[in-house]
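Novice: Sharing a structure with you now.
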Amino acid sequence: MQTQVQNPRSLLSAYCQLGKARLCLLVLFTGMIGYAMGAQQWQILECIGFLLGTFLTAMGANGLNQWVERHRDAKMARTRLRPIPSGTIGSIHGCIVTALWSLSGIVILYFTVNLLTAYLGFVTLVCYLMLYTPLKPHTPLAVLIGAVPGALPPVMGWAAATGRIDIEAVILGFILFLWQIPHFMSLAAIYREDYLRGGYQLLPDNPEEDKATRAIIVVFSVALLVITLMAPAVGLGKHLFLFSALILGGALLWLSIRFYRRYSISNARSVFRASIIYIPILMTLLLIDHRI
Numbered sequence: 001m002q003t004q005v006q007n008p009r010s011l012l013s014a015y016c017q018l019g020k021a022r023l024c025l026l027v028l029f030t031g032m033i034g035y036a037m038g039a040q041q042w043q044i045l046e047c048i049g050f051l052l053g054t055f056l057t058a059m060g061a062n063g064l065n066q067w068v069e070r071h072r073d074a075k076m077a078r079t080r081l082r083p084i085p086s087g088t089i090g091s092i093h094g095c096i097v098t099a100l101w102s103l104s105g106i107v108i109l110y111f112t113v114n115l116l117t118a119y120l121g122f123v124t125l126v127c128y129l130m131l132y133t134p135l136k137p138h139t140p141l142a143v144l145i146g147a148v149p150g151a152l153p154p155v156m157g158w159a160a161a162t163g164r165i166d167i168e169a170v171i172l173g174f175i176l177f178l179w180q181i182p183h184f185m186s187l188a189a190i191y192r193e194d195y196l197r198g199g200y201q202l203l204p205d206n207p208e209e210d211k212a213t214r215a216i217i218v219v220f221s222v223a224l225l226v227i228t229l230m231a232p233a234v235g236l237g238k239h240l241f242l243f244s245a246l247i248l249g250g251a252l253l254w255l256s257i258r259f260y261r262r263y264s265i266s267n268a269r270s271v272f273r274a275s276i277i278y279i280p281i282l283m284t285l286l287l288i289d290h291r292i
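Be aware that the sequence shown starts at 1, since it is given in this note's numbering, and climbs by one per residue.
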């Protein structure tokens, strides 16, 4: 299928959709939290290289994922208008461009930041494209595997600033890992039928009997609350972060318990929306608390 884009502005828009540019901004945000937390002194060129390399790596991973899943995406109402299944961008075009993004991102990280950050970027790509993507149609456990690359940006940021991985970076990554389970499982509950049409077994077929999934959301919400409250013990945040983690984590846990007790799309959507708000606020307050 040939590319149907007629002008540069439309092509840029299609590229942004292909690489999920808005999602990549969240990746950059969490990555920069790790960089800012670890850096004793900001190196401007290094910081720019980290931002550009991470952005291109994330865009490439998202785009290659869409290329692999293009036939399944065409069956789903939520994804059938993505650039490749809709024909806005041709399949070969999309594959080549996104592969170049990925390669360019890793190369930029290697030459402008350091080997460790480039290696973590490569691990992110491999885990996302060679483990999460092929397992997604076959097992709900793919969500756990997919949470690993989503947890690595703040670790990459810390590694970019320090050249190493310390316990603080591990805790930052673990917070992101735990957060993704309520986030993505509530999203899967909202679009359960759409995912089934696409051939994804992210959740059991019968939502009313699916208490196990809702229990997992509660368990990971509890774990997230506990790990954030313990974070100051290793030097991540102080009183402001502790208070924020208690309020935000408590609210997410309450909504998760409500969803567990009574299945409804409305309750699933409440968990999902709360998870969207949770990370930007928590991470911003963590950085503020770290710097004051």
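Note that beta-carbon positions come from the ideal geometry of N, C-alpha and C, so glycine has one too.
1. Starting from N267, trace the alpha helix (DSSP H) both ways and give me its first and last residue.
2. Whole angstroms is fine: what's the gap from F272's alpha carbon to T112's?
3. Please report the straight-line C-alpha distance between W295 and I84, rounded to a whole angstrom.
4. Residues in its own chain within less than 7 Å of L28 by CB, not counting five upstream and five downstream?
5. Per DSSP, what kind of secondary structure is W42 in: helix, strand or coil?
6. Going by C-alpha to C-alpha distance, which of A251, R258, P280, K75 sits closest to L23?
7. Within 10 angstroms of its Cβ, does R9 collect 16 or more other Cβ (buried), or is it exposed?
8. Report the three-state DSSP secondary structure of P137 (helix, strand or coil).
9. How is the alpha helix (DSSP H) around L100 delimited, first residue to last?
10. Flag this pair as yes or no: are the beta carbons of T98 and G60 separated by less than 8 Å?
11. Within 10 angstroms of its Cβ, does S221 collect 16 or more other Cβ (buried), or is it exposed?
12. Nearest to H93 by CA position, among L203, A169, L18, is which residue?
13. Whether or not the segment 224–236 and the segment 149–165 are in contact is what I'm after, with contact meaning three or more pairs of Cβ atoms, one per stretch, closer than 8 Å; do they touch?
14. Using C-beta distances below 8 Å, list every residue in its chain close to D166, excluding the 5 sequence neighbours before and after it, in chain order.
15. Can T57 and T117 be called in contact, C-beta distance under 8 Å?
16. Would you tell me roughly how many angstroms separate the C-alpha atoms of R261 and L225, rounded to the nearest one?
17. R78 and Y191 - do their beta-carbons sit closer together than 8 Å?
18. Alpha carbon to alpha carbon, how far is R164 from I106?
19. Return the chain-ordered list of same chain residues with a C-beta closer than 8 Å to the C-beta of D73, the five sequence neighbours on each side being excluded.
20. Kindly indicate which residue of S275, G63, E46, L129 has the alpha-carbon position closest to the one of L176.
21. Whose C-beta lies closer than 8 Å to the C-beta of E168 among residues of the same chain, with five residues either side of it excluded?
22. Please state the DSSP three-state secondary structure of K211.
Specialist: Short version:
1. Counting from 1 along the sequence shown, the entry for residue 267 is found at position 267. Run containing N267: 265–291, per the alpha helix (DSSP H) assignment.
2. Counting from 1 along the sequence shown, the entry for residue 272 is found at position 272. Counting from 1 along the sequence shown, the entry for residue 112 is found at position 112. Looking at the backbone, the Cα of F272 and that of T112 are separated by about 36 Å.
3. Residue 295 lies beyond the range of the chain shown here (1 to 292); nothing can be said about it.
4. In the sequence shown, the residue the question calls residue 28 occupies position 28. The residues are L51, T54, F55.
5. The residue labelled residue 42 in the question sits at position 42 within the sequence shown. Three-state result, W42: coil.
6. Mapped onto the sequence shown, residue 23 falls at position 23. Looking from the CA of L23, the closest CA among A251, R258, P280, K75 belongs to P280.
7. Locating residue 9 in the sequence shown gives position 9, where the first residue counts as 1. Its Cβ having fewer than 16 others within 10 Å, R9 is exposed.
8. Residue mapping note: residue 137 aligns to position 137 of the sequence shown, counting from 1. In the three-state DSSP reduction, P137 falls in the coil class, being neither helix nor strand.
9. Stepping through the sequence shown from its first residue, residue 100 is reached at position 100. Per DSSP, L100 belongs to the alpha helix (DSSP H) from 91–112.
10. Along the sequence shown, one-based indexing puts residue 98 at 98. Along the sequence shown, one-based indexing puts residue 60 at 60. Taking 8 Å as the Cβ cut-off, T98 and G60 qualify as a contacting pair.
11. Mapped onto the sequence shown, residue 221 falls at position 221. So S221 ends up on the buried side.
12. One-based indexing of the sequence shown puts residue 93 at position 93. Taking only the C-alpha atoms, the option nearest H93 is L18.
13. Counting Cβ pairs under 8 Å, fewer than three are found: no touch.
14. Translated into the one-based positions of the sequence shown, residue 166 becomes position 166. If you ignore the 5 residues before and after D166, its C-beta comes within less than 8 Å of the C-beta of G38, W158, all in its own chain and listed in chain order.
15. Position 57 of the sequence shown holds residue 57. Position 117 of the sequence shown holds residue 117. Inclusion of T57 and T117 in the CB contact set at 8 Å is not warranted, their separation being larger than that value.
16. In the sequence shown, counting from the first residue as 1, residue 261 sits at position 261. In the sequence shown, counting from the first residue as 1, residue 225 sits at position 225. Between R261 and L225, the C-alpha separation is close to 19 Å.
17. Within the sequence shown, numbered from 1, the residue matching residue 191 stands at position 191. Within the sequence shown, numbered from 1, the residue matching residue 78 stands at position 78. At a Cβ-Cβ threshold of 8 Å, Y191 and R78 count as neighbours.
18. As a working mapping, residue 164 is identified with position 164 in the sequence shown. As a working mapping, residue 106 is identified with position 106 in the sequence shown. Roughly 17 Å separates the two Cα atoms.
19. Numbered from 1 along the sequence shown, position 73 holds the residue referred to as residue 73. Within the same chain, D73 has close Cβ partners Q66, T79, R80, R82, I84, P85, G198.
20. In the sequence shown, counting from the first residue as 1, residue 176 sits at position 176. For the residues S275, G63, E46, L129, the minimum Cα distance to L176 belongs to S275.
21. For the purposes of this step, residue 168 is taken as the residue at position 168 of the sequence shown. Taken in chain order, the residues that qualify are M37, G38, W158, V234, G235, L236.
22. Numbered from its first residue, the sequence shown carries residue 211 at position 211. Helix at K211.
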